[in-house]
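> Numbering (my numbering), first residue to last: 805 to 957.
For every residue, glycine included, the Cβ atom is placed at its ideal position computed from N, Cα and C.
A quick note: this is a predicted structure, and the numbers were derived from the prediction, not measured.
1. May I ask you to report which of helix, strand or coil DSSP gives residue 880?
2. Assuming contact is defined by CB atoms lying nearer than 8 Å, are residue 897 and residue 856 in contact in what I supplied?
3. Buried or exposed: residue 860, going by 16 or more other Cβ atoms within 10 Å of its Cβ?
4. If I measure Cβ to Cβ from residue 870 and keep anything under 8 Å in the same chain, skipping five residues before and after, which residues do I get?
5. How close, in whole Å, do the beta carbons of residue 901 and residue 890 come, if the pair is a contact with beta carbons under 8 Å?
6. Terminal residues of the continuous beta strand (DSSP E) containing residue 873?
7. How would you call residue 843, buried or exposed, if buried means at least 16 neighbouring beta carbons within 10 angstroms?
8. Alpha carbons only, please: which of 888, 873 and 866 is nearest the one belonging to residue 915?
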């Protein structure tokens with residue numbers, strides 16, 4: 805895909821998907837894309853806030869493919885997901901951390917918050933190409949006032 809130490813790639817962060825169950829992704833495409841730069845090997849932290857429910861993080865590598873769960877129940881990682889992916893939640897804020905981002909991590913990422921009766925929709929972020937090395941990249945949490953309910957199918 806890309807070669808060289810100083811090259812980076814695009815990772816889209818789309819907030820959110822909601823539950824690990826069937827949900828509609830139609831509203832997700834309507835959120836604004838915000839660009840965040842990063843290089844291979846850097847640590848990326850993406851925050852999602854505004855809900856008191858449990859959080860999950862999902863990865864979609866192609867528009868026609870199904871999202872894959874990378875974090876569920878705030879900080880649990882499925883056995884097939886690399887250990888560079890980790891999740892944490894403090895209060896109403898969840899953080900997905902990718903330690904040592906790799907080219908294969910290029911994807912759209914969804915953050916979702918869910919409880920027994922509701923799912924939450926937020927904003928989306930794009931981790932963009934960058935040519936100069938730097939430290940960890942952290943996104944700003946989106947404004948909880950922008951959260952919208954998401955309909956379950």
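Once the coordinates are examined:
1. Strand at residue 880.
2. no
3. buried
4. Correct list, in chain order: 864.
5. 5 Å
6. Residue 873 -> beta strand (DSSP E) spans 872-875.
7. buried
8. 873
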